[in-house]
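First comes the structure, then the notes that go with it.
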Amino acid sequence: MPHERIWTAVILTGAVLATGTVVVRPTAKAPAAATSFQPAALTASAAGVRGAINDPSLHGGEATPVPTPDPTAVPTPAPTAAPTAPPPPPTAAPTAPPGGGLWFGVLQATEAHAAQERGAGITVAALELNWSRYEPAPNQFDAGYAAQMRGRMQALRNAGLSVVLDVGMQYPPAWVFDVSPTTRFVDQFGDVWHGSLSEDVPNAVWDNAVRNAESAYVARVAADLGDGFYAVRAGGLLQNELRYPHQQYNGHSNVYWGFDGAAQAQTPVPGWRPGQPGAAQASAFANWYMQSLTDFQTWLIGTYRSRFPSATLQLLKPSWGLRPGDLAAAVARNLDGSTPAASWGTLEMGLDWQRQVDAIHDPKVQLYNSWMERGDDGGSANTMAPAHYLATLGAARGLVTVGENATAGDPPGVMQTIVQRARAWGLAGLMWLDEGTLFGSSASLSVYSSLMRA
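In this text, residue positions in the sequence shown follow my numbering: the first is 169, and each later residue adds one.
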């Protein structure tokens, strides 16, 4: 499967606590478990090396992954007693990035570097929260942590930066897995999904109790921090992206995640498993599986919009995405895992971008892809780079697209290529992963600044 952002996958050795927020920083090389779904033929360099779409190595041949162990638990301090009502939110109106054209931002922004970054030309900074810190027990909110994040938000704004909010849905509290019997994804082999830090997320696609918990959390964050954000990042699942878990798990491949009790109660073909005979069943299952994730996207948009009426919503769509003909080809083979889209994982993860974009009716939504290192293989819908393809889908609906690099520590040459692509593909913005690399690698803030101003 094509490469996707790997910086928060299973890199526990780089995990640190930054003012109470879990921040996973990249190591020089990601563990094998984090990259088992990246065939070498599609991991093209950002310098323009084209992945061989028809390379035979894409049709299987990947090593069977070993399930990632659960992350070491991070101690959660006792919450500060929540006030009877949240404090009044800031009254500042949402601030769009100044100036026209392509804007530039940074992830994991801190107060210490905010003024320096604004002076270098960065106009957008991300504020990342941690749900497990914010709400360590049901309806018990850590007022001290909320105040800390509120202070960081204000410091970024005071430096002249427009703030993008990530509520940290990818860091769920342990209690959310107990709100119903169907809070975890289950595949057709009976395996229950357990992921590593930022990937161990509950099943909000089919479990309404999980959705209710997430909705209540979003409401509290909005009450505490207000609606003064340029944008809110929305994906809701692994790494806060819009995708099902991986296509390889617990020694199995071609893994689909629609077999928990809540999902099976809704499927049009209960009990049917991918690869079994039945063209009609394969078609019905595939469309239901893709539509369920699209319906979750619609729920996400409505949930965030009800609490952040002025902010832009960024829908995080990772990896390569299904391309024209991919779904039909897989259905023709009864979803047996033999097609390229299945071996890459774009099928099992539900990355039906055309369907998802067609379902968007909110004009203040931005599409967002996190693999800017990947270049075009050609000019068709099947050979464009993922961010470029997503931008064409969005443009047809009047929606703009934002890009992000996938690997922290990209060298200056890669940074230059990424910035050039962002301009060439008509993107609205580019977020850099992450602030720490701008102050500790060769692709420094000064390099980023020179490319911004070029």
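By construction, the Cβ of each residue, glycine as well, lies at the ideal position given by its N, Cα and C atoms.
query: Sheet register partners of Asp334 (DSSP bridge); result: Glu296
query: Neighbourhood of Thr425 by C-beta distance below 6 Å, restricted to the same chain and skipping five residues each side; result: In the sequence as presented, Thr is not what sits at residue 425; that position holds Trp. Counting only Cβ-Cβ distances below 6 Å, and skipping sequence neighbours, we find Phe353, Asp355, Tyr412 and Pro413.
query: Per-residue burial, Ser225 [other beta carbons within 10 Å of its own, 16 or more giving buried]; result: Annotation note: pLDDT 25 at Ser225 (below 50); position unreliable, no value reported.
query: Range of the contiguous beta strand (DSSP E) that encloses Asn537; result: Val533 to Asn537
query: Proximal residues to Val360 (C-beta, below 6 Å), its chain only, five neighbours per side dropped; result: Arg352 and Val354
query: The alpha helix (DSSP H) enclosing Met321, as first and last residue numbers; result: Ala311 to Asn326
query: Separation of Phe427 from Asn502, as counted between CA atoms; result: 17 Å
query: Ranges of the alpha helix (DSSP H) found wholly within the segment 573–600, counting only runs of at least 4; result: 580–592
query: Cβ-based neighbour list, Thr350, same chain, cut-off 6 Å, excluding 5 preceding and 5 following; result: Asp375, Asp428, Gly429 and Ala430
query: Between the CA atoms of Met540 and Gly571 - distance to the nearest angstrom; result: 6 Å
query: Stretch pair the segment 529–546 + the segment 448–457: three plus CB contacts closer than 8 Å; result: no
query: Where Phe272 falls: helix, strand or coil (DSSP); result: strand
query: Three-way DSSP call (helix, strand, coil) for His556 in this model; result: helix
query: Nearest candidate by alpha-carbon position, reference Pro265, set Ala280, Met599 and Leu567; result: Met599
query: DSSP-derived helix/strand/coil call for Gly571; result: strand
query: Per DSSP, the bridge partner or partners of His420; result: Tyr417
query: Per-residue DSSP class, three states only, for Arg401; result: strand
query: First and last residue of the uninterrupted beta strand (DSSP E) at Leu483; result: Thr480 to Lys485
query: Secondary structure of Val369, DSSP reduced to three states; result: coil
query: Touching by the beta-carbon criterion (3+ pairs, under 8 Å), the segment 381–389 and the segment 298–315; result: yes
query: At least three beta-carbon pairs within less than 8 Å, the segment 564–579 to the segment 588–603; result: yes
query: Separation of Gly312 from Ser366, as counted between CA atoms; result: 23 Å
query: Residue environment, Ala208, which counts as buried when at least 16 other CB atoms sit within 10 Å; result: The predicted model places Ala208 with a pLDDT of 29, which falls under 50 and marks its position as unreliable, so this point remains unresolved.
query: Chain-order list of residues whose beta-carbon lies under 8 Å from that of Gly566 (same chain, five-residue window excluded); result: Pro531
query: Cβ-Cβ separation, Gln482 to Ala402 (assumed contact under 8 Å), whole Å; result: 6 Å
query: Exposed unless 16 or more other CB atoms sit within 10 angstroms - verdict on His529; result: exposed
query: Reduced DSSP secondary structure (H/G/I, E/B, other) of Ala280; result: helix
query: Residue span of the alpha helix (DSSP H) that contains Val378, given as start and end; result: Asn376 to Leu393
query: Reference Arg589, options Asp395, Leu515 and Met552, closest by Cα; result: Met552
query: N- and C-terminal bounds of the alpha helix (DSSP H) containing Ala497; result: Asp494 to Ala500
query: Inter-stretch contact (C-beta, 8 Å, three-pair minimum) for the segment 468–476 and the segment 486–494; result: no
query: Range covered by the alpha helix (DSSP H) that runs through Asn550; result: Run containing Asn550: none; DSSP gives neither H nor E here.
query: Contact set for Trp343: own chain, Cβ-Cβ below 7 Å, skip 5 residues either direction; result: Ala305 and Pro306
query: Helix, strand or coil at Val354 according to DSSP, with G and I counted as helix; result: strand
query: Local Cβ density within 10 Å of Gly547, reported as buried at 16 or more and exposed below that; result: exposed
query: Which listed residue (Gln308, Gly363 and Val292) has its alpha carbon closest to that of Val331; result: Val292
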